[in-house]
Amino acid sequence: MPPASIRSDGKAALDPKLSRPAQVAEAIKDYIVRERLQPGDRLPSEPELIERFAMAKGTIREALRLLDAQGLVKSRTGPGGGTFVHEVSPERAAALLANYFYFKDLTISDIYQLRRVLEPELVASLAGKLPPRVIDRLRAIVATYSAPAETDEEERDQHIATLRFHKLLAEQSSNPLLSFLIGFMLTILTDITVYRRLYTPINRDLWKRGLDFHLRLIEALEAGDSGAARAIMTAHMQTAQPLMEGQEAYSLKRFIND
Numbered sequence: 001m002p003p004a005s006i007r008s009d010g011k012a013a014l015d016p017k018l019s020r021p022a023q024v025a026e027a028i029k030d031y032i033v034r035e036r037l038q039p040g041d042r043l044p045s046e047p048e049l050i051e052r053f054a055m056a057k058g059t060i061r062e063a064l065r066l067l068d069a070q071g072l073v074k075s076r077t078g079p080g081g082g083t084f085v086h087e088v089s090p091e092r093a094a095a096l097l098a099n100y101f102y103f104k105d106l107t108i109s110d111i112y113q114l115r116r117v118l119e120p121e122l123v124a125s126l127a128g129k130l131p132p133r134v135i136d137r138l139r140a141i142v143a144t145y146s147a148p149a150e151t152d153e154e155e156r157d158q159h160i161a162t163l164r165f166h167k168l169l170a171e172q173s174s175n176p177l178l179s180f181l182i183g184f185m186l187t188i189l190t191d192i193t194v195y196r197r198l199y200t201p202i203n204r205d206l207w208k209r210g211l212d213f214h215l216r217l218i219e220a221l222e223a224g225d226s227g228a229a230r231a232i233m234t235a236h237m238q239t240a241q242p243l244m245e246g247q248e249a250y251s252l253k254r255f256i257n258d
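As structure tokens, this is what we get:
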């Protein structure tokens with residue numbers, strides 16, 4: 001069955017609720033999906049797009065600029081030039097999605113509600129499947145917070161490093177959606193930790209428990225024990241959430257007092 005935005009005669013049925021450039025941009029995305037175009041494939045030429053959508057040259061060009069801003073197409077000039085399908089990088093996708101959450105005032109509870117569900121299943125799926133180079137990288141990250149921080153700056157860097165540990169695990173997933181969702185959550189948590197200063201005051205209990213969980217998790221992953229990996233990560237999330245909520249409450253109190 002053709003997409004809803006395509007009429008029976010093959011022409012685009014444009015959504016009147018959108019501006020004309022946005023209508024054409026959506027229809028081009030439908031075209032990419034329908035024709036199963038891949039990154040690097042060339043889109044129809046500008047005259048062909050003008051004919052297909054019965055729109056002015058300026059509207060077509062603005063539609064392509066919208067798609068370029070979204071990272072979905074790239075244009076090249078000169079011999080062999082044109083407009084080509086482009087694969088959106090995870091970093092670009094996360095940055096665009098982060099704009100949506102910019103004014104949502106996410107809390108630690110919001111984030112850990114998902115972390116508790118997703119990350120235990122992630123590590124269970126990775127047990128026994130990580131190559132030695134990844135295990136070595138995990139150990140190298142842990143080594144950066146093997147001793148407790150003495151200053152706020154060290155505490156901040158350690159918090160960021162612990163989240164990088166989790167990001168590295170997310171990057172190993174064969175499920176691109178799971179990998180992206182967890183990585184995005186960790187990016188948001190990293191940003192929140194830094195700009196809300198959730199790394200102060202120095203919390204030795206949070207450091208000690210986190211270090212222990214990470215060391216045990218590496219052992220379970222290397223041993224291929226999916227049940228142990230899941231249980232360790234579950235306990236890690238359950239333990240970390242109230243401790244981080246405590247940091248969040250302190251940050252809010254400090255903000256009010258200031």
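The sequence shown begins at 1 in the numbering used here and counts up by one.
Ideal Cβ placement from N, Cα and C applies to all residues, glycine included.
Selection 154, 173, 148, 196 evaluated against residue 208 yields 148 as nearest (Cα-Cα).
Secondary structure of residue 162 (DSSP, three-state): helix. Note that the C-beta distance between residue 86 and residue 21 is not below 7 Å. Beta-bridge analysis with DSSP links residue 82 to 76.
Beta-carbon to beta-carbon, residue 46 and residue 60 are separated by about 6 Å, close enough to satisfy the 8 Å threshold. Between residue 94 and residue 183 the beta-carbon gap is near 7 Å, inside 8 Å, which marks them as a contact. Taken in chain order, the whole alpha helix (DSSP H) runs of length 4 or more contained in the region 55-137 are 57-69, 90-101, 108-126.
Using a Cβ distance threshold of 7 Å, residue 202 and residue 165 do not count as a contacting pair. Exclusion of the five residues before and after residue 235 leaves 213 as the residues of its chain whose Cβ lies within less than 8 Å of its Cβ. Going by beta carbons, residue 143 and residue 230 fall outside the 7 Å limit. DSSP places residue 23 inside the alpha helix (DSSP H), whose first and last residues are 20-34. Check the Cα spacing between residue 116 and each of 185, 250, 151: the tightest is with 185.
For the pair of segments examined, the region 170-177 was found not to touch the region 236-254: the number of CB pairs separated by less than 8 Å stays below three.
Residue state for residue 230 is assigned as helix, using DSSP reduced to three classes. With contacts defined as CB atoms closer than 7 Å, residue 189 and residue 111 qualify as a contacting pair. The beta-carbon separation of residue 63 and residue 28, rounded to 6 Å, stays under the 8 Å limit for a contact.
Annotated three-state conformation of residue 209 is helix, per DSSP. Counting only runs of 4 or more residues that sit fully inside the region 168-207, the alpha helix (DSSP H) segments are 176-195, in chain order.
Here the alpha carbons of residue 30 and residue 129 stand approximately 37 Å from one another. For residue 119, the number of other beta carbons within 10 angstroms of its own is at least 16, and it is reported as buried. Between residue 127 and residue 221, the C-beta gap is smaller than 7 Å, which places the two residues in contact.
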